[in-house]
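Novice:
Residue numbers (our numbering): 6 to 640.
(1) Name the one or two DSSP bridge partners that residue 67 has.
(2) Compute the beta-carbon to beta-carbon distance between residue 306 and residue 386, rounded to the nearest angstrom, for a pair I have assumed lies under 8 Å.
(3) If you measure between the beta carbons of residue 60 and residue 89, is that distance less than 8 Å?
(4) At a cut of 8 Å, does the stretch 269-279 reach the stretch 341-359 through at least three beta carbon pairs?
(5) Considering Cα atoms alone, identify which of 157, 269, 256 and 311 is closest to residue 235.
(6) Nearest by alpha-carbon distance to residue 399: which of 456, 420 and 317 is it?
(7) Quick check on residue 112: buried or exposed, where buried means 16 or more other Cβ atoms within 10 Å of its Cβ?
(8) According to the neighbour-count rule (16 or more other Cβ atoms, all chains shown, within 10 Å of its Cβ), is residue 612 buried or exposed?
(9) Residue 10 by DSSP, collapsed to three states: which one?
(10) Based on the DSSP output, what are the partners of residue 296 in its beta bridges?
(11) Give the C-beta separation of residue 162 and residue 237 to the nearest angstrom, bearing in mind that I take them to be a contact with Cβ-Cβ under 8 Å.
(12) I believe residue 58 touches residue 99 by the beta-carbon criterion, under 8 Å. Please report the beta-carbon distance rounded to the nearest angstrom.
(13) Give the single residue among 41, 139 and 448 whose Cα lies nearest to the Cα of residue 118.
(14) According to the neighbour-count rule (16 or more other Cβ atoms, all chains shown, within 10 Å of its Cβ), is residue 116 buried or exposed?
(15) Report the rounded CA-to-CA distance for residue 592 versus residue 570, giving the unit in angstroms.
(16) Considering only the beta carbon of each residue, do residue 315 and residue 303 sit closer than 8 Å?
(17) Bridge partners for residue 559 per DSSP, in chain order?
(18) Measuring CB atoms only, is the stretch 367-375 touching the stretch 257-265, in the sense that at least three cross pairs come out at less than 8 Å?
(19) For residue 43, which of 479, 26 and 55 has the nearest alpha-carbon?
(20) I'd like the list of long-range same chain contacts for residue 434, defined as Cβ closer than 7 Å, with 5 residues on each side in sequence excluded.
(21) Starting from residue 475, trace the alpha helix (DSSP H) both ways and give me its first and last residue.
(22) Which residue from 477, 501 and 618 puts its Cα closest to that of residue 384?
(23) For residue 159, count neighbouring Cβ atoms within 10 angstroms of its own Cβ and tell me buried if that reaches 16, exposed if not.
(24) Just to confirm the assignment: which complete alpha helix (DSSP H) runs, minimum length 4, are found wholly within the stretch 204-272?
(25) Report the three-state DSSP secondary structure of residue 597 (helix, strand or coil).
(26) With 16 other CB atoms within 10 Å as the buried threshold, where does residue 257 fall?
(27) Rounded to a whole number of angstroms, what is the C-alpha to C-alpha distance between residue 324 and residue 380?
(28) I believe residue 227 touches residue 549 by the beta-carbon criterion, under 8 Å. Please report the beta-carbon distance rounded to the nearest angstrom.
(29) Give the C-beta separation of residue 376 and residue 417 to the nearest angstrom, bearing in mind that I take them to be a contact with Cβ-Cβ under 8 Å.
(30) Can you give me the C-alpha to C-alpha distance between residue 66 and residue 542, rounded to a whole angstrom?
(31) With DSSP as the reference, label residue 132 as helix, strand or coil.
(32) Between the C-alpha atoms of residue 442 and residue 450, what's the straight-line distance to the nearest angstrom?
(33) Keeping to the same chain, check which residues put their C-beta closer than 7 Å to that of residue 281; ignore five residues upstream and five downstream.
(34) Flag this pair as yes or no: are the beta carbons of residue 197 and residue 259 separated by less than 8 Å?
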């Protein structure tokens, strides 16, 4: 189909509509405050139509960009899953935000950034080349910084947004290296489909650069710590950015370029082991958190480790299933966490005891999401993880995935035990200032996204059915993708049930321990293994030290040299003017005088008398003859 085909134009609508609406809200400023929430909600709901059309008809468009490098968007099976997932989660977050009155006092900025972010993410999942991907990736990073720092007046929020932004931007340098290597290696138009055929050694640079950029965005080890700091942003922002969009974009990118990883022979296994390690380590971190949002953040890194693992072993079908299932479950959990934070004024698990009992609908939805997160059968992430692990080889990698699944059941059990435990006798329900139950319209806006996401987290478990799993593989163009056997599914289900039940029973009986009473061995895990201080010591401190050293060199050497040269030039000019210039003038005058004297001597023989000219000619001939005779004698 040509670019002018009406179906292809759907892609421009899909990306352009939220981009234009977001830009209009940001430019409108205070004048757009009242219209911001309704406008964003209308756009979010309207995007369902072009998303569905694009998923069914698979449009593709291109536009001129750089010489030989177009701006290209297209929808294939993987992009169709990405587009539908993003639009669904985006709509849920926007509707919930409107019900929670999120962004009060800055609605146009809040919803404008959300819309621009959504446009960038939609461009990211449909990009066909590295040029388009880089453009979308940059906008996504910039808007995520603005959203995390939305409450910028809070002392910590600005620094947290900066940590998140700078960490991911450092990893993003890998994508620029990959783009340069792809050009050098002969990838026509920087097309993503050409990356697997890049000539060596550029193929290794392409794979390594993309792997670094994806690991940073997906909060995989060693970049995971930025996700902890990002939790200082509004909860709906966490539900959007850290479930189905920005963080998930890293895993999605690796699924998209999986052939390029496999072509190198090392990048695929490296991605698989990094993903498995992150799922294990960050799963342990999640299990010991006292803060609900921190638990959800660590579990996000862990769950996306399965997507990275899938990309590394070629299990694109399982990775895409994990991407979609995690998006529904985790966005639901973040939204409920935000609701409880607004209603009860806390996100600490010890203070959230009984929260699910006091808010039955939110508690039920949270339970559905947590059970899915823990891999309980027959829910979504149980089916998705089994698809991932079915492709996981060697056996050690499969065993690491099973251990990470057990940890997932553990942190899901910790969260459920806290919110369903009986409140402490001295506890009282607290309500955040200004947060009330709201009118019926706002209550409906809050409940509808929770119910929809909880339903998605449950029904996506149908991927475990052989017929559905086969159709899923065909959708992604991966017929014959590995599928779990009955025994594998039973083992993973048994692990999830036993671990989650045991953790819940222990948690409900003992409660969440106070922070002061925790064991010393747990503290490094609660502090995310000290990854942020380590990054500060190993990367930030040396860079700042080098910058200070260069600044001192500039001040003491370069600046003084320039200043000294500038002050020395007038002095040199004075010396030249006083001593050198008079001598030069004297030489010039002497040359002129000598020239005039020679001219006078040259005019004397010019008398106009013929006998004098003959005498001069004879004299010249005699001199010439004498010279020849003397020269012959010498020879």
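Beta carbons are placed, not taken as given, at the ideal position from N, Cα and C, and that holds for glycine.
Specialist: A quick look at the data gives this:
(1) 77
(2) No, residue 306 and residue 386 are not in contact; Cβ-Cβ is about 15 Å, not under 8 Å.
(3) yes
(4) no
(5) 157
(6) 317
(7) buried
(8) exposed
(9) coil
(10) 353
(11) 5 Å
(12) So it is not a contact: roughly 20 Å between Cβ atoms.
(13) 41
(14) buried
(15) 30 Å
(16) no
(17) The partner list for residue 559 (beta bridge, DSSP) is empty, contrary to what the question assumes.
(18) no
(19) 26
(20) Note that residue 434 has pLDDT 46, beneath the 50 cutoff, so the model's placement of it is unreliable and the number below is only indicative. Excluding sequence neighbours, residue 434 sits near 349 and 363.
(21) 471-480
(22) 501
(23) exposed
(24) 207-222, 230-235, 240-246, 251-261 and 263-269
(25) helix
(26) buried
(27) 15 Å
(28) Wrong, their Cβ atoms sit about 19 Å apart, outside the cutoff.
(29) 7 Å
(30) 46 Å
(31) strand
(32) Caution applies to residue 442, whose pLDDT of 43 falls short of 50 and renders its modelled position unreliable; the value that the coordinates give is listed next. If I take the Cα positions, the gap works out to 12 Å.
(33) 310, 314, 402, 405, 406 and 409
(34) no
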